[in-house]
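As structure tokens, the structure follows; a few thoughts come after it.
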Amino acid sequence: MIEPKSSTAARLGAWTGAGTPLVLFITLGLPAGVIGVAWPHMRASLGAPLAGLGLLLAAFTVGYFVASAGSGPVTFRFGTATLLVGGCALASIGSLGLSLAGQWWIVPLVGLVLGAGSGLIDAAVNAHVSLNRGVRYMGWLHASWALGAALGPPLVVISLAATGSWRASFAALAVAFLGVGLIVGSRRRDWIHTTSIQHAVTTTPVPAEYRRALVVLTCLCFLGGGLEATAGDWSYTQLTVGRSLSAGLASTSASLFWAGLAAGRVALGLLGNRVAPIRLLDAGITVATVAAVAFWLAPTLVSALVALPVLGAAVSLIFPLLLSITPTRVGATMTPHAVGYQLAAGTLGGGGIPALTGLALQAAGLLALGPVLATISVALLLLHLISRLGRADAG
Numbered sequence: 076m077i078e079p080k081s082s083t084a085a086r087l088g089a090w091t092g093a094g095t096p097l098v099l100f101i102t103l104g105l106p107a108g109v110i111g112v113a114w115p116h117m118r119a120s121l122g123a124p125l126a127g128l129g130l131l132l133a134a135f136t137v138g139y140f141v142a143s144a145g146s147g148p149v150t151f152r153f154g155t156a157t158l159l160v161g162g163c164a165l166a167s168i169g170s171l172g173l174s175l176a177g178q179w180w181i182v183p184l185v186g187l188v189l190g191a192g193s194g195l196i197d198a199a200v201n202a203h204v205s206l207n208r209g210v211r212y213m214g215w216l217h218a219s220w221a222l223g224a225a226l227g228p229p230l231v232v233i234s235l236a237a238t239g240s241w242r243a244s245f246a247a248l249a250v251a252f253l254g255v256g257l258i259v260g261s262r263r264r265d266w267i268h269t270t271s272i273q274h275a276v277t278t279t280p281v282p283a284e285y286r287r288a289l290v291v292l293t294c295l296c297f298l299g300g301g302l303e304a305t306a307g308d309w310s311y312t313q314l315t316v317g318r319s320l321s322a323g324l325a326s327t328s329a330s331l332f333w334a335g336l337a338a339g340r341v342a343l344g345l346l347g348n349r350v351a352p353i354r355l356l357d358a359g360i361t362v363a364t365v366a367a368v369a370f371w372l373a374p375t376l377v378s379a380l381v382a383l384p385v386l387g388a389a390v391s392l393i394f395p396l397l398l399s400i401t402p403t404r405v406g407a408t409m410t411p412h413a414v415g416y417q418l419a420a421g422t423l424g425g426g427g428i429p430a431l432t433g434l435a436l437q438a439a440g441l442l443a444l445g446p447v448l449a450t451i452s453v454a455l456l457l458l459h460l461i462s463r464l465g466r467a468d469a470g
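In the working numbering, the protein residues as written are 76 to 470.
If you want it as structure tokens, here you go:
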């Protein structure tokens, strides 16, 4: 029996609608993997200063922070699809600018544009998914970002092998962002769900409980992003220099941390519908706290090969789950605003807390990383417990 064309088209449309956010997040993850690997070659060809990578990442982060924080009002005014098309256009322009940059001073400027486009995409997709899909899909969404980040380094290697230059890798990013932007633009109806809530916006004041919930969610994202980034950025140095672990074992430990991060999000995509999201969040934050304390107090090998990978798996759940519960905490109308603020807070925590940790380690020694991670995780746990008191979803 031949399936009717209308049925086939509808099914194809459903698959495209479900797949587009995942493709967006794979593309969104690519710069994270490309920039660090391409940097030594960029620095040599552009005559950039030693601290140039930090300046590029700072510009990217500023653009990301501002765009994600301001994404809520833009969503209400223009709609999710328009926001995504604009974000893809900015990211494509920024990537193309990096590919064509002939002088070093251009790099931070176009990095700012790339960061702004990425921030708009991140906020718009997360808000749409939190309103219209379940926790399993949120897990797959964030696993897709990890896949994109993992594809970044091979993209640079292929670029160098094929053209002898790093520039083709950023040109490929520009094409990828442009392509996915065209897909979004051609299927604007797939994003109509969240744009429809703009008609519900009135002059009615936002309930105080929603405002309090937004503050708590934002602080949780700040601490969660900081815990993840601090463990990922500083654990290798602490294990090798501070605890005299061999470079091979420390490298394995760091790899296991990131593997745990990816595995946790894949597991959320596979099994996330079997337990209530708030229960999963309880478990993730609790296990992260135990793992952080174990990293501090356990013997070196246990810290490196058990505690750190478990910490990676546990923190991988925190951000997707916080975004998933946002509509129940602040209401559908406030969700685009809230997600933008949460992503901005996560960006700030992911950049600011590791930097402050560096100052602390310089003053107190590398062994202070354990107490720092434990302090962040305990603060995260206490704030989460406070947010659970008196709530209907506490059960």
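Glycine included, each C-beta is placed from N, C-alpha and C at the ideal position.
Along the length of the stretch 294 to 337, whole beta strand (DSSP E) runs at least 3 residues long do not occur.
Cβ-Cβ distances below 6 Å link GLY162 to GLY192, LEU195 and ILE196 in the same chain, with the five nearest sequence neighbours on each side left out; the list follows chain order. The C-alpha of GLU303 is placed about 11 Å away from the C-alpha of GLY335. According to the DSSP assignment, MET213 belongs to the alpha helix (DSSP H) that extends over 210 to 238. With a cutoff of 7 Å on beta-carbon distance, GLY317 and LEU431 are scored as not near each other. GLN178 sits in coil when the DSSP states are folded into three classes, being neither helix nor strand. For TRP371, the closest of SER391, PRO352, ARG404 and GLY445 by C-alpha to C-alpha distance is GLY445.
Here GLY425 has GLY300 and ALA304 as same chain residues with Cβ atoms under 6 Å from its own Cβ, once five neighbours each way along the sequence are excluded.
In this structure, the beta-carbon distance from PRO402 to LEU206 falls below 7 Å. In terms of Cβ geometry, ALA363 and ALA337 do not form a close pair [threshold 7 Å]. With a cutoff of 7 Å on beta-carbon distance, ALA449 and VAL368 are scored as near each other.
Ranked by Cα distance from GLY256, the first of SER170, LEU159 and THR293 is LEU159.
The beta carbon of GLY147 sits closer than 6 Å to the beta carbons of PRO411, HIS412 and GLY415 from its chain, once the five residues preceding and following it are set aside; these are given in chain order. VAL149 is not a Cβ neighbour of LEU165, given a cutoff of 7 Å. Between the beta-carbon of LEU396 and that of LEU345 there is about 15 Å, and that puts the pair past the 8 Å contact cut. Cα atoms of LEU383 and PHE332: separation of roughly 6 Å, rounded to the nearest angstrom.
Cβ-Cβ distances below 7 Å link SER452 to LEU302, ALA363, THR364 and ALA367 in the same chain, with the five nearest sequence neighbours on each side left out; the list follows chain order. Note on LEU184: under 16 other CB atoms within 10 angstroms of its CB, so exposed under the neighbour-count rule.
Leaving aside the five residues that flank ALA144 on each side, the residues in its chain whose CB is nearer than 7 Å to its CB run, in chain order, GLY415, TYR416 and ALA419. Each residue's CA atom was taken as its position, placing GLN178 and ALA221 some 31 Å apart. At least 7 Å separates the beta-carbon of LEU99 from that of VAL210. Cβ-Cβ distances below 7 Å link THR95 to ILE258, VAL259, ARG262 and ASP265 in the same chain, with the five nearest sequence neighbours on each side left out; the list follows chain order. In this structure, the straight-line span from the alpha carbon of VAL232 to that of ARG286 is close to 47 Å.
DSSP, reduced to helix, strand and coil, places VAL377 within a helical segment of the structure shown.
Taking each of ALA225, THR293 and TRP114 in turn and checking the Cα distance to SER330, the smallest one comes out for ALA225.
Residue environment analysis places ARG152 among the exposed positions, since fewer than 16 neighbouring C-beta atoms fall within 10 angstroms of its C-beta.
In this structure, the alpha-carbon of PHE245 lies about 15 Å from that of ARG118.
Between the alpha carbons of LEU434 and ALA306 lies a distance of about 15 Å. The beta-carbon separation of TRP241 and LEU97, rounded to 27 Å, does not stay under the 8 Å limit for a contact. Contact annotation: LEU131 and VAL182 have beta-carbon atoms nearer than 7 Å.
Here LEU175 is exposed: its Cβ has fewer than 16 other Cβ atoms, across all protein chains shown, within 10 Å. Setting aside the 5 residues that flank it on each side, ALA249 is surrounded in the same chain by SER167, SER170 and LEU171, each with a C-beta closer than 6 Å to its C-beta; the list follows chain order. For PRO282, the number of other beta carbons within 10 angstroms of its own is below 16, and it is reported as exposed.
With distances taken between CA atoms, SER321 lies nearest to ALA379 out of ALA379, PRO429 and LEU295. One alpha carbon belongs to ARG463, the other to ALA134, and they sit about 36 Å apart. In the three-state DSSP reduction, ALA123 falls in the coil class, being neither helix nor strand.
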